[in-house]
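In order, the protein sequence lines correspond to chains Z and V.
When the letters of the first sequence are read in order and numbered with the numbering used here, they come out as residues 1 to 353.
When the letters of the second sequence are read in order and numbered with the numbering used here, they come out as residues 1001 to 1477.
Heads up, the beta-carbon is just placed ideally off N, CA and C, and yes, glycines get one too.
This report concerns only the one structure given below.
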Amino acid sequence: MAEESQLQGSLGFPDPGPARFASASEVRERLAAIGYLADEGTAGVVYLADRLAKPVLVEGPAGTGKTELAKAVAWATSSRLIRLQCYEGLDESKALYEWNYKKQLLRIQAQRVVEDDGHGALVHETRDRDLAGDEGRDEAALVGAAGQGTSSAMRWHDIEDDIFSEEFLLARPLLEAIRASEPVVLLVDEVDRVELETEALLLEILSEYQVSIPELGTVRAQRVPLVFLTSNNTRELSEALKRRCLYLHLDYPTLEREREIIKTRVPAITGELADQVARIVRSLRALELKKYPSVSETLDWARTLVVLGIESVDAEQAKATLHVLLKYRSDLERAAKELCAEGSPTSSGSASV
Amino acid sequence: MLDVLTGFVNELRQAGLPISPTESLDAAEALHHVRLEDREALKYALGATLVKSSAHWRAFETAFEVYFSIRGPQLGMKAAEADGLEGEQPAGDESASGGGAGGGGEALSEEALAEMLYRALLSGNDAQVAALARQAVSRFAGMEAGRPVGGTYYLYRTLRNLELDRLLERLVVAVRSEAPEGHLTALEERLARDELASRLDRLRKEIEDEIRRRLVTDRGAEALARSLRKPLPEDIDFMHATHDELAALRRAIHPLSRKLAVRLARKRRHGHKGPLDFRSTMRHSLSTGGVPVDPKFRYPRPGKPEIFVMADDSGSVAAFARFTLHLVYAISSQFSKVRSFVFVDGIDEVTRFFETADDVEEAVYRISTEANVVWVDGHSDYGHALSVFWERWGEEVTSRTSVLLLGDARNNYHAAQAWVLSEIRRRARHLYWLNPEPRSYWGSGDSIIGEYAPYCDGVFECRNLRQLEQFVGQLAS
C-alpha cells in the first residue's frame, strides 16, 4: 500500500489523506446513526470517493435524498458543509473568487488621502490611473510627468501588490472549500443548471483540488475535501465532468428501505402505518404519473397521517390526503381511480369507513 | 482479475457505453479498495467508475451478471447441477410440499412444483422461491449444452410452463380469502396484488439469472455477452422495436424531450449578444463609482418558427410518427405555432387533440382512435394525402412555416403527386422529410422517396431517438 500511495503522488493523483471511513459498512452505520439510511451502493460509493479522492456525481429523480446525502456525510464526519447552489448564469465571480473591487477602490483612495498630506501634486495623476486601468501607459505617463518618477513607480507596485493580496479576495464556495484548514464537504448542488461552458470552471477543482488565481498563484487544498455534485438530469453533463467523477444513481428506495426511512424520520408512526404508507407509495410509483411521489413527499404524507391521528389508512382517507403526495390534478385523479376503485368485487371500500 | 476487467470493459464498449481509458484505470484502482469476494461491493465499485449515465445501467448489469457470475458464491453447486440437471431437491422443501407430490426421489412432478412455488410466493419466502426457480429452469427450459439458442428462448419456455398470470390470480384469491372479514377493501386488494406482483417479478429475475448462469458455464462469458447485448434506448430502431423496446423508448422520450426543451430555451436566451445596452450599463456602473466595469448587452429575440408536421400513421411507421409528434409537442414552446396532420390514404388535422388533451400521451392515444385518416382501404397513399392537404390547408402554409413530412414513402404504387411538394416548397420556409428506413432501402420496392426528395430541403434518415433528437434540435434552433 505504501508503494502505491507514493506512486499516486508521483503520477499527480491527489493523495486522499487519512481515511474518513474504515469500510463501506462503516459508512452505512455512521450515516444510519444520524438518520440517513443509505443502501449498500450509496455507502460503497461514498467510501470509494474518500479512498480514491474523487468527487461523486449524484443523479436521480427529485426528492430521493441527493442533497441530504451530502449533508449527512458532512454531519457524520463532523466536517463543515460548503454549498454552491448552481443556477443559470453562475460565473467565476460567484463560484470561485472575486476581487473586492469596492474595497480596492477604498484602499487606493485612502492612499491618496495619505499622499495629500505629503505632496498634493500626484493626486490627479493617481486618480486618472485608477480609473483608466491601462497600467502600462499610465505608468509611463506618470514617470514622465511627475518630478519624483522612480518613487511613484515604486509606490504603484506597492499598491498593486497590496490590492491584489488575499485581503482583497472574496472567496466564493469553491475557493473556500479548497482553502479551508478544517475538514469540509463541498456540495455543488444542481450542477445541471449551469451552462456547459461554466462546467469548465469546476474541472480544475475536481481533478487537481486546486484553484489558479492569476494575480496570486495557485491555491492547493491542504486536505482533499469530499465533493458531491448533484444533478436532476435536465441536461447531459459534459464527458469531461463525468469522467472526473464517480457516478451514483439514487433511485426511489425499495419497499423495505422506504419503510425504515419512514420509521426513522417519523418516529411517532406505528409500524403498521409505516408499512401501509410504503406500500401505497410503491403502488403509486408503478402507475404512469407525471410526477412520482418522492421520498420527501412520502415523509410529508406519513407526518400528515400521524398528525391527523390515523392509525390505518383506508381508501377514503388516502384519497383525502393524496394531494400531499401528488402535485398534478391528472395524477390525483388517476391515483384515486386506480387505487380506490379498481378490481374490487363489491364497493366495500367506501362502505367500511 | 485484470484480464477479466479488460474483457469486461471491452464488452461494455461493444455494447455502446463510452468508457475512457481514465475510467478503466479508475475502476482498476477502485478494486483495491473493495473486497473482491463481495459481489455487491464489486458491482458498485465498477458501476460508479465505469457507468456515468443511468440509461446505461441496464446494459452494465447484464454484462456484469455475465462476466462475474462464474465467480459467484454458489459456483460449485451450479456446475454440479447443470450436469445432473433435475437431481437437486431444495433443502427443507420436503416438509413444505407435504408429500403431496408423486415423485419424491425423482424430479418433482409439474403440479407439485407449481404447488410449492405457490406456497413459497404466498408466504414470501425468498430463499425458497430462489431454489424453486432453479428447479423450474431444470424442469421446463429444456436446456441442452452447446445448443445455439438465445437465453430468451429458455426464459420463454420456463415462464410459459409456470403460467405466472394464473399464479397471480390464484395468489390474490388466496390472500382475499385469508382476510379477517372474508373480503378486502379495494385499496387493500390493490396493495396485496402489487406486493404479489413484485414477488413474481423477483421470481422471474431469479429464473433469468439462473438461465444466464447456466449459459455462462456452457458457452463462456464473451460469447454469451455478445448474444445478450441489447441496444441502448437511444439506439433502438423505431421500425423494428419489440413491445418491451417500445416501452423503453416511451420511458426514454420523457427525459429526452425535457432536456431538449431546456437546452433550446437556454440557447435562445444566450445565443449571441446584441448591441450594447447603454442604460443598463450606466445603471450597473453606479456600484463601481461610475466606471462602466461590466458592460450590459441587449439580447436579441429571434422570431420563432411555425411548424406543420405531416405524419404517416400507417402500421409500419406509426411508432415513428408518434415519437416524433411527441418530441415536437414537448418542445412546442420553441415554436410560435405547431399544427399536426396524420395520414394513411386520407389526411386529418390532429392539432385539436394536442390542444385539448392534458398530456401528449393522451393526445397520441386519441389520434389512433379518433382521427379520420382512412379514405379507401387503409393502405398508405402519399399522393392522395398530399393533394388533399394542398387543397384544404395549402393556403395556410406561409413563408414562416417549416413543413415536416414523416414517413417511409412506401406508396403502394399509387401516383406520387410530387407537384404538391414543389408547391409547398415554393411557399414554405423549409420542407424536410424524415424517413425511418435505413438509407440503403430507399427507393427499393414501392418506396418513392426519390421522387419527392428533389423538392425537399433535406431528407434525413431517422431510425432512432438519437437521430431524431439531433434533427429536432436543429429544427428549433
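Counting only the same chain and skipping the five closest in sequence on each side, list residues whose C-beta sits under 6 Å from that of Glu199 (chain Z). Position 199 of the first sequence, counted from the start, is the residue given in the question as residue 199 (chain Z). Shown here for Glu199 (chain Z): same chain residues with a beta carbon closer than 6 Å to its own, the five before and five after excluded, namely Ser238, Leu241 in chain order.
Reference Arg1251 (chain V), options Z:Glu68, Z:Ala286, Z:Val114, Z:Val58, closest by Cα: Taking the first residue of the second sequence as position 1, residue 1251 (chain V) is located at position 251. Each of Z:Glu68, Z:Ala286, Z:Val114, Z:Val58 was checked against the Cα of Arg1251 (chain V), and the nearest Cα belongs to Z:Ala286.
Thinking C-alpha only, which one of V:Asp1312, V:Thr1288, V:Arg1400, V:Phe1389 is nearest Ser1336 (chain V)? The sequence position of residue 1336 (chain V) within the second sequence is 336, counting from 1. Nearest C-alpha to Ser1336 (chain V): V:Arg1400.
Since Ser1054 (chain V) meets chain Z, which of its residues come closer than 7 Å, beta carbon to beta carbon? On the second sequence, residue 1054 (chain V) is found 54 positions in, with the first residue counted as 1. Correct list: Glu59, His249.
Proximal chain Z residues relative to Leu1191 (chain V), where beta-carbon distance stays under 9 Å: Residue numbering aside, residue 1191 (chain V) sits at position 191 when the second sequence is read from its first letter. Within 9 Å Cβ-Cβ: Gln276, Arg279, Ile280, Arg282, Ser283, Leu339.
Mind pulling the chain Z residues with CB within less than 7 Å of Thr1022 (chain V)? Reading the second sequence from its first residue, position 22 is the one you call residue 1022 (chain V). Residues of chain Z with a Cβ closer than 7 Å to the Cβ of Thr1022 (chain V) are, in chain order, Arg243.
Strictly below 8 Å CB to CB, what residues from chain V border Asn233 (chain Z)? Locating residue 233 (chain Z) in the first sequence gives position 233, where the first residue counts as 1. Within 8 Å of the CB of Asn233 (chain Z), the CB atoms of chain V belong to Ser1054, Pro1255, Lys1259, in sequence order along the chain.
Would you call the CB atoms of Pro1438 (chain V) and Glu1423 (chain V) closer than 9 Å? The residue you call residue 1438 (chain V) lines up with position 438 of the second sequence. The residue you call residue 1423 (chain V) lines up with position 423 of the second sequence. No, they are not a contact pair.
Below 8 Å, how does it come out for the segment 157-169 of chain Z and the segment 76-94 of chain Z: are there three or more Cβ pairs, yes or no? Contact annotation: the segment 157-169 of chain Z does not touch the segment 76-94 of chain Z, with fewer than three C-beta pairs closer than 8 Å.
Examine chain Z for any beta-carbon lying closer than 9 Å to the beta-carbon of His1033 (chain V), and answer yes or no. Position 33 of the second sequence, counting from 1, holds the residue named residue 1033 (chain V). Chain Z, which has a Cβ nearer than 9 Å to the Cβ of His1033 (chain V), makes this yes.
If we call anything under 9 Å between Cβ atoms a contact, is Leu1406 (chain V) one with Pro1436 (chain V)? Along the second sequence, one-based indexing puts residue 1406 (chain V) at 406. Along the second sequence, one-based indexing puts residue 1436 (chain V) at 436. Judged by beta-carbon spacing, Pro1436 (chain V) lies within the 9 Å limit of Leu1406 (chain V), meaning their Cβ atoms are closer than that value.
Closest to Arg1279 (chain V) by C-alpha separation, out of V:Ala1318, V:Arg1298, V:Arg1013, V:Arg1258, would be which residue? Position 279 of the second sequence holds residue 1279 (chain V). Ranking the options by Cα distance to Arg1279 (chain V), first place goes to V:Arg1298.
Enumerate, from N- to C-terminal direction, the unbroken alpha helix (DSSP H) stretches of 4 or more residues contained entirely within the segment 1377-1457 of chain V. Those alpha helix (DSSP H) runs which fall completely within the segment 1377-1457 of chain V and span 4+ residues are 1382-1393, 1419-1427, 1449-1452.
Looking at C-alpha atoms only, which residue of Z:Val45, Z:Glu272, Z:Leu332, Z:Pro55 is the closest neighbour of Tyr209 (chain Z)? To locate residue 209 (chain Z), count along the first sequence from 1; it is residue 209. The candidate whose alpha carbon is nearest that of Tyr209 (chain Z) is Z:Pro55.
Would DSSP call Asp1348 (chain V) helix, strand or coil? Walking along the second sequence from the start, residue 1348 (chain V) turns up at place 348. Here Asp1348 (chain V) sits in strand by DSSP.
Applying the 10 Å Cβ sphere with the 16-neighbour rule, what's the burial state of Ala1247 (chain V)? For the purposes of this step, residue 1247 (chain V) is taken as the residue at position 247 of the second sequence. Under a 10 Å Cβ-count criterion, Ala1247 (chain V) is classified as exposed, with fewer than 16 other Cβ atoms of the shown protein chains found around its own Cβ.
Is it true that the CB of Asp1237 (chain V) sits closer than 9 Å to the CB of Arg1463 (chain V)? The sequence position of residue 1463 (chain V) within the second sequence is 463, counting from 1. The sequence position of residue 1237 (chain V) within the second sequence is 237, counting from 1. Going by C-beta atoms, Arg1463 (chain V) is nearer than 9 Å to Asp1237 (chain V).
Helix, strand or coil, according to DSSP, for Tyr97 (chain Z) in the structure here? In the first sequence, counting from the first residue as 1, residue 97 (chain Z) sits at position 97. In the three-state scheme derived from DSSP, where H, G and I count as helix and E and B as strand, Tyr97 (chain Z) is classed as strand.
Could you check the C-alpha separation between Ser165 (chain Z) and Arg172 (chain Z) for me, to the nearest Å? Stepping through the first sequence from its first residue, residue 165 (chain Z) is reached at position 165. Stepping through the first sequence from its first residue, residue 172 (chain Z) is reached at position 172. In this structure, the straight-line span from the alpha carbon of Ser165 (chain Z) to that of Arg172 (chain Z) is close to 16 Å.
Quick check on the DSSP output: the beta strand (DSSP E) that includes Thr230 (chain Z) runs from which residue to which? In the first sequence, residue 230 (chain Z) corresponds to position 230, counting from 1. Segment 226-231, the beta strand (DSSP E) holding Thr230 (chain Z).
Within 9 Å of any Cβ in chain V, is that where the Cβ of Leu203 (chain Z) sits? Here the question's residue 203 (chain Z) lines up with position 203 in the first sequence. Cβ-Cβ to chain V under 9 Å: no for Leu203 (chain Z).
Less than 8 Å between the CB atoms is what I'm expecting for Ala315 (chain Z) and Thr1185 (chain V), so what's the real figure, rounded? Residue mapping note: residue 315 (chain Z) aligns to position 315 of the first sequence, counting from 1. Residue mapping note: residue 1185 (chain V) aligns to position 185 of the second sequence, counting from 1. A Cβ-Cβ separation of about 6 Å places Ala315 (chain Z) in contact with Thr1185 (chain V) under the 8 Å criterion.
Contacts that Asp15 (chain Z) makes with chain V (C-beta to C-beta distance below 8 Å): Taking the first sequence and counting its residues from 1, the one referred to as residue 15 (chain Z) is at position 15. Neighbourhood of Asp15 (chain Z) in chain V, by CB distance below 8 Å: empty, with the nearest CB roughly 13 Å away.
By the 10 Å Cβ neighbour count, where 16 or more other Cβ atoms means buried, how is Asn1372 (chain V) classified, buried or exposed? Here residue 1372 (chain V) is taken as the residue at index 372 of the second sequence, counted from 1. When all chains shown are included, Asn1372 (chain V) counts as exposed.
Does Lys1205 (chain V) come within less than 9 Å of chain Z when only Cβ atoms are used? Position 205 of the second sequence, counted from the first residue, corresponds to residue 1205 (chain V). It does not; no Cβ of chain Z falls within 9 Å.
Assuming Glu1206 (chain V) and Leu1155 (chain V) form a contact by the criterion Cβ under 8 Å, report the distance between their Cβ atoms to the nearest whole angstrom. If you number the second sequence from 1, residue 1206 (chain V) lands on position 206. If you number the second sequence from 1, residue 1155 (chain V) lands on position 155. Not a contact, Cβ separation roughly 11 Å.
Hey, could you find the ends of the beta strand (DSSP E) Met1310 (chain V) is sitting in? As a position in the second sequence, residue 1310 (chain V) is number 310, starting the count at 1. Per DSSP, Met1310 (chain V) belongs to the beta strand (DSSP E) from 1306-1312.
Chain Z partners of Val1493 (chain V), CB-CB under 8 Å? There is no way to answer for residue 1493 (chain V), as the model of chain V reaches only from 1001 to 1477.
Considering only the beta carbon of each residue, do Arg80 (chain Z) and Val219 (chain Z) sit closer than 9 Å? Residue mapping note: residue 80 (chain Z) aligns to position 80 of the first sequence, counting from 1. Residue mapping note: residue 219 (chain Z) aligns to position 219 of the first sequence, counting from 1. No. Outside cutoff.
State buried or exposed for Ile34 (chain Z), treating a residue as buried only when at least 16 other CB atoms are found within 10 Å of its CB. Your numbering for residue 34 (chain Z) matches position 34 in the first sequence. Classification for Ile34 (chain Z): exposed.
So, with DSSP's three-state summary, where would you put Ala318 (chain Z)? The residue you call residue 318 (chain Z) lines up with position 318 of the first sequence. DSSP places Ala318 (chain Z) within a helical segment (H, G or I) once states are collapsed to three.
With a threshold of 9 Å between beta-carbons, can Thr1049 (chain V) be considered close to chain Z, or not? Your numbering for residue 1049 (chain V) matches position 49 in the second sequence. The beta-carbon of Thr1049 (chain V) is placed less than 9 Å from the nearest beta-carbon of chain Z.
Less than 9 Å separating the beta-carbons of Tyr217 (chain Z) and Ala1041 (chain V)? Here residue 217 (chain Z) refers to the residue found at position 217 when the first sequence is read from its first residue. Here residue 1041 (chain V) refers to the residue found at position 41 when the second sequence is read from its first residue. Before going on, a small fix: residue 217 (chain Z) reads as Gly here, not Tyr. Contact flag unset, no.
Name the chain Z residues whose beta carbon is nearer than 8 Å to that of Leu1187 (chain V)? Position 187 of the second sequence, counted from the start, is the residue given in the question as residue 1187 (chain V). Chain order gives the chain Z residues near Leu1187 (chain V) as Ile280, Val313, Asp314, Ala315, Ala318, Leu339, Cys340, Gly349, where near means a beta carbon separation below 8 Å.
Beta carbon proximity, Lys1296 (chain V) to chain Z, threshold 9 Å: Sequence index remark: in the second sequence, residue 1296 (chain V) carries index 296 (1-based). Taking 9 Å as the threshold, the shortest C-beta distance from Lys1296 (chain V) to chain Z does not fall below it.
Same chain, Cβ closer than 7 Å to Asp1277 (chain V), five either side skipped, listed in chain order: Indexing the second sequence from 1 puts residue 1277 (chain V) at position 277. Cβ neighbours of Asp1277 (chain V) beyond the five flanking positions: Lys1296, Phe1297, Arg1298.
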